[in-house]
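Protein chains in written order, with the numbering used here: chain A, 887 to 1262; chain B, 87 to 242.
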């Protein structure tokens, strides 16, 4: 397994295609594999760079497996997990999973081009001014605060922990921008109860992962990392983003994903050394922590107290590179590359002796999760 | 007319009975003919009994606030001029599993920001009212109608 990524920033010069190729080539170099050996391609339905374009630029041989996963930030772990299934089933031997995105430009925001006549499920929310993903998640956050007694301090715990990690990661967009709790509390509102610092960044950049079978991984120049378990889930009665309609909207796809994931694993939540939790918005972190079983239902907010998710001393260092909120937001793909680095022991904010990493994709949308372990 | 407001395409076959109900001053929710359970948003098949026969039942229009948000800029211009405003999710008295996104307003024709958002509390009782809104000119055609009636909510 190899990982690669580009620099992260706003208004980067290279095109999305160039960013994708740069990240993929870096991942292949990391894995010690020639591009001509790539025969599987995996990405997001929202990816703008097409598979054939990757193949003819990279100089792959025949590609015999390709696949895409939907739902934006819910896709990342599925993109890698499905590639792992494909190499295991011998649909291909060397699979590349990637995500490339130029987002810093205002016009690229997904809600910027919304037409004025709404069809499908958005017709039930957008006419009323629930316009942006942050508004949709804020609705769940307010309910969680009401039902569980969570406070803005819990959300600040999340934002501050990830910012602290970014401050020691030179590759993070927020590397040079420390943040205090007062900074957080003084920030302008975006959608109450969420403020500016409850939101992920706007990022141009790309990440890539190379997936091969275990026998091939033995030849890797870097310590190989194993996909120990992988799951996806759409929970019953779920609706993407405006997930207000089931019996308990706060129990999102993460819960169903966790049930499958842990059923496939030899380890449990207590064995996880480091977590990479999808963080487009801060409330998704406590909601995911309880969904994946790190605490009881309702305890996701208080779980973040006392530096519990901070590196190096917290009981569950989380989003150790800064995550989507403070390193870069590339639909969660940088969480996967950071999970791999942690298990290899080469992360900037390395959790000592990390053996098990949980990486999750978005809660509140059809999702996925990976358990990465060292190959013993 | 509100320039730039996002309006539902009321020609959407599945959803049309809901919007037609609003135009008639009724809050109609889809119900399964076979098992009787309500479901929202509307869809072709009942997830509990798989029947494809459905009907539309008129609700009392009473419910309570399940959650709410207060959006601030940056927003689409038609909404930004009213920010900060409220968006609420209402659960209906008939079935708390039926939840609708809407706005709490002082009365049906008052603007989005006519209720102080800081006066809203989860659990507040509300009732439905209806407001007919005209979309932007020149947006007509086979798939869109000019006037749309939206459900809105006032304190009960």
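Yeah, the Cβ is synthetic: ideal placement off N, Cα and C, and Gly gets one too.
1. For residue 1077 (chain A), decide whether its Cβ has a neighbour in chain B, counting only Cβ atoms nearer than 8 Å.
2. In angstroms, rounded to a whole number, what distance separates the CA positions of residue 1260 (chain A) and residue 1243 (chain A)?
3. Just grab the DSSP bridge partners of residue 149 (chain B) for me.
4. Can you list, in chain order, the residues of its chain whose CB lies under 7 Å from that of residue 179 (chain B), leaving out five sequence neighbours each side?
5. Taking DSSP as the reference, what is the three-state secondary structure of residue 241 (chain B)?
6. At a Cβ cut of 7 Å, what residues of the region 94-110 of chain B count as close to chain A, listed as they run along the chain?
7. Going straight from the alpha carbon of residue 1023 (chain A) to that of residue 1237 (chain A), what length do you get?
8. Can residue 1143 (chain A) and residue 1117 (chain A) be called in contact, C-beta distance under 8 Å?
9. Note down the Cα distance separating residue 985 (chain A) from residue 932 (chain A), rounded to an integer number of angstroms.
10. Which residue or residues does DSSP assign as beta-bridge partners of residue 952 (chain A)?
11. Closest to residue 1173 (chain A) by C-alpha separation, out of A:1136, A:1110 and A:1063, would be which residue?
12. Would you say residue 1170 (chain A) lies against chain B (beta-carbon separation less than 8 Å)?
13. Rounding to the nearest angstrom, what Cα-Cα distance links residue 207 (chain B) and residue 916 (chain A) in this structure?
14. Give me, in chain order, the residues of the same chain whose beta-carbon lies closer than 6 Å to that of residue 225 (chain B); leave out the 5 immediate sequence neighbours on both sides.
15. How far does the alpha helix (DSSP H) with residue 1050 (chain A) in it extend, from its first residue to its last?
16. Between residue 144 (chain B) and residue 102 (chain B), what straight-line distance do the alpha-carbon atoms span, to the nearest angstrom?
17. Determine the burial state of residue 945 (chain A): buried for a count of at least 16 other Cβ atoms within 10 Å of its Cβ, exposed for fewer.
18. By the 9 Å beta-carbon criterion, what residues does the region 1211-1226 of chain A contribute toward chain B?
19. For residue 1040 (chain A) and residue 913 (chain A), what's the separation of their Cα atoms in angstroms?
20. Nearest chain A C-beta to residue 152 (chain B) closer than 8 Å, yes or no?
21. Against chain A, does residue 120 (chain B) count as a neighbour if the rule is that its beta carbon must be under 8 Å from one of theirs?
22. With residue 927 (chain A) and residue 952 (chain A) assumed to form a contact (beta carbons below 8 Å), what rounded beta-carbon distance in angstroms separates them?
With the given structure in hand:
1. As a first step, residue 1077 (chain A) must be located in the first chain, where it is residue number 191. Closer than 8 Å to some Cβ of chain B, the Cβ of residue 1077 (chain A) qualifies, so yes.
2. By 1-based counting over the first chain, the position of residue 1260 (chain A) is 374. By 1-based counting over the first chain, the position of residue 1243 (chain A) is 357. Distance between the alpha carbons of residue 1260 (chain A) and residue 1243 (chain A) is about 9 Å.
3. One-based indexing of the second chain puts residue 149 (chain B) at position 63. The secondary-structure analysis by DSSP pairs residue 149 (chain B) across a beta bridge with B:178 and B:212.
4. Position 93 of the second chain, counted from the first residue, corresponds to residue 179 (chain B). Once the five neighbours on either side are set aside, the close Cβ partners of residue 179 (chain B) are 146, 148 and 149.
5. Along the second chain, read from residue 1 onward, the residue named residue 241 (chain B) stands at position 155. Three-state DSSP puts residue 241 (chain B) in a strand.
6. Residues of the region 94-110 of chain B whose Cβ lies closer than 7 Å to any Cβ of chain A, in chain order: 94, 95, 98 and 101.
7. Here residue 1023 (chain A) refers to the residue found at position 137 when the first chain is read from its first residue. Here residue 1237 (chain A) refers to the residue found at position 351 when the first chain is read from its first residue. Taking the straight line from one Cα to the other gives about 30 Å.
8. Residue numbering aside, residue 1143 (chain A) sits at position 257 when the first chain is read from its first letter. Residue numbering aside, residue 1117 (chain A) sits at position 231 when the first chain is read from its first letter. In contact: residue 1143 (chain A) and residue 1117 (chain A) (Cβ atoms closer than 8 Å).
9. As a first step, residue 985 (chain A) must be located in the first chain, where it is residue number 99. As a first step, residue 932 (chain A) must be located in the first chain, where it is residue number 46. Distance between the alpha carbons of residue 985 (chain A) and residue 932 (chain A): 9 Å.
10. Stepping through the first chain from its first residue, residue 952 (chain A) is reached at position 66. Paired residues: A:927.
11. As a position in the first chain, residue 1173 (chain A) is number 287, starting the count at 1. Considering only alpha carbons, the answer is A:1136.
12. Here residue 1170 (chain A) is taken as the residue at index 284 of the first chain, counted from 1. Cβ-Cβ to chain B under 8 Å: no for residue 1170 (chain A).
13. Against the second chain, residue 207 (chain B) aligns to sequence position 121. Against the first chain, residue 916 (chain A) aligns to sequence position 30. Distance between the alpha carbons of residue 207 (chain B) and residue 916 (chain A) is about 54 Å.
14. Against the second chain, residue 225 (chain B) aligns to sequence position 139. With a pLDDT of 43 at residue 225 (chain B), under the threshold of 50, the predicted position of this residue should be treated as unreliable, though the coordinate-derived value follows. Cβ neighbours of residue 225 (chain B) beyond the five flanking positions: none.
15. For the purposes of this step, residue 1050 (chain A) is identified with residue 164 of the first chain, where counting begins at 1. Element bounds for residue 1050 (chain A): 1038-1053.
16. Counting from 1 along the second chain, the entry for residue 144 (chain B) is found at position 58. Counting from 1 along the second chain, the entry for residue 102 (chain B) is found at position 16. Each residue's Cα considered, the two are about 14 Å apart.
17. Locating residue 945 (chain A) in the first chain gives position 59, counting from the first residue. That one is exposed.
18. none
19. Within the first chain, the letter at position 154 stands for residue 1040 (chain A). Within the first chain, the letter at position 27 stands for residue 913 (chain A). If I take the Cα positions, the gap works out to 36 Å.
20. Sequence index remark: in the second chain, residue 152 (chain B) carries index 66 (1-based). For residue 152 (chain B), the answer is yes, since a Cβ of chain A falls inside 8 Å of its Cβ.
21. Taking the second chain and counting its residues from 1, the one referred to as residue 120 (chain B) is at position 34. With 8 Å as the cut-off, residue 120 (chain B) does not count as an interface residue toward chain A.
22. Position 41 of the first chain, counting from 1, holds the residue named residue 927 (chain A). Position 66 of the first chain, counting from 1, holds the residue named residue 952 (chain A). Contact holds; Cβ gap of about 4 Å.
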